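Visitor:
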Amino acid sequence: MYNKPPNTPAARSEPPFARRANGAKEALTAWERWEMTAIAREPAPSPPPEPKPAPVVAPLKPEVLINDVELAQLRLQALRSGEAEGFRQGLAQGHAQGRAEAVAEVQAEARQLRALAQTLPDALRGAEAEIADNLLALALDIARQVLGQALALDSGAILPVVRELLQAEPALSGAPQLVLHPDDAALVQQHLAEDLQAAGWRIRSDANCQRGGCRVLAASGEQDASLPGRWERVTAALVKTAMHTPAVVHA
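Numbering (my numbering), first residue to last: 169 to 419.
1) CB Ser323 to CB Pro350, shorter than 9 angstroms?
2) Please classify Arg271 as buried or exposed, where buried requires at least 16 neighbouring CB atoms within 10 angstroms.
3) Would you call the segment 330-349 in contact with the segment 390-405, where contact means no fewer than 3 C-beta pairs closer than 8 angstroms?
4) Output the distance between the C-alpha atoms of Val416 and Leu306, rounded to the nearest integer angstrom.
5) Which residues in the same chain as Cys377 place their Cβ atom closer than 7 angstroms to its Cβ, once the five residues preceding and following it in sequence are excluded?
6) Please report how far the alpha carbon of Gln275 lies from the alpha carbon of Glu269, in whole angstroms.
7) What are the partner residues of Gln345, as DSSP defines its beta bridges?
8) So, are the CB atoms of Ser341 and Ala387 less than 9 angstroms apart?
9) Would the beta-carbon of Asp352 fall within 9 angstroms of that of Arg379?
10) Alpha carbon to alpha carbon, how far is Val402 from Ala419? Give it in angstroms, no decimals.
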């Protein structure tokens, strides 16, 4: 579109080339104004986004050193833990050692019991023999006392003893003498005088003889019928019998 130059006095007085130049200028200026206006009407482009700030890293704080109190507490706690562990270990070791010692003691006692059981029969036999000897001695002592009391009550107990000696074989020779207590001598003289005279025996009184017993002395030998002598022979016979009797061991 062509713009017609203005018809003003100033324009009419300008040369033609000047008017063309001015017209072009005006035309350019109007275009530029239009261009600027048109551009200005468009929305301005958004600015580029600002870069995000880098995250701020807080500086690491140095670890706070523990004080003496906390250190002492930690040491005490460690000590107690060590003591508790040591106590548990020691307790377990003590139990094991105690069990081992108990087992060893029981085994030793068992060996002693086995050894005792093996020697028990011999010990029982020895004990029974000793008890038998003691019982025999006690029985003889009791019998002696009972017999002594019986002889004291029975004044004629000497008579069967003398009769037995008169009938004994072999017969004594060489004027035998019958030695007995004076009380027994009077009794024998009263009841056995003829028997003694026929055998050639003489009566001799001796107060040291115990009543109920006597002795016969002769050139060919001697016969002891005193109470101590007879007890000695009885005791020897009983002991001999006991020695040859096997002991019975009760299980």
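Glycine residues also receive a C-beta, built at the ideal position from the N, C-alpha and C atoms. Only a predicted model underlies this, so the values are computations on that prediction, with no experimental measurement involved.
Guide: So, to answer that:
1) Sequence index remark: in the sequence shown, residue 323 carries index 155 (1-based). Sequence index remark: in the sequence shown, residue 350 carries index 182 (1-based). No, the pair does not count as a contact, with Cβ atoms beyond the cut-off.
2) The residue you call residue 271 lines up with position 103 of the sequence shown. Here residue 271 is Val; the residue named in the question, Arg, does not match the sequence. Burial call: exposed.
3) yes
4) In the sequence shown, the residue the question calls residue 416 occupies position 248. In the sequence shown, the residue the question calls residue 306 occupies position 138. Caution applies to Val416, whose pLDDT of 49 falls short of 50 and renders its modelled position unreliable; the value that the coordinates give is listed next. Roughly 21 angstroms separates the two Cα atoms.
5) Here the question's residue 377 lines up with position 209 in the sequence shown. The answer, listed in chain order, is Val347, Leu348, His349 and Ser394.
6) On the sequence shown, position 107 is the one that residue 275 refers to. On the sequence shown, position 101 is the one that residue 269 refers to. C-alpha separation (whole angstroms): 10 angstroms.
7) By one-based count along the sequence shown, residue 345 stands at place 177. Partner(s): Arg370 and Leu385.
8) Here the question's residue 341 lines up with position 173 in the sequence shown. Here the question's residue 387 lines up with position 219 in the sequence shown. Result yes, Cβ atoms of Ser341 and Ala387 sit closer than 9 angstroms.
9) Along the sequence shown, read from residue 1 onward, the residue named residue 352 stands at position 184. Along the sequence shown, read from residue 1 onward, the residue named residue 379 stands at position 211. Yes, Cβ-Cβ distance for Asp352 and Arg379 is below 9 angstroms.
10) One-based indexing of the sequence shown puts residue 419 at position 251. One-based indexing of the sequence shown puts residue 402 at position 234. Here Ala419 scores only 44 on pLDDT, less than 50, and its place in the model should not be relied on; the value that follows carries that caveat. Answer to the nearest angstrom: the Cα atoms are 33 angstroms apart.
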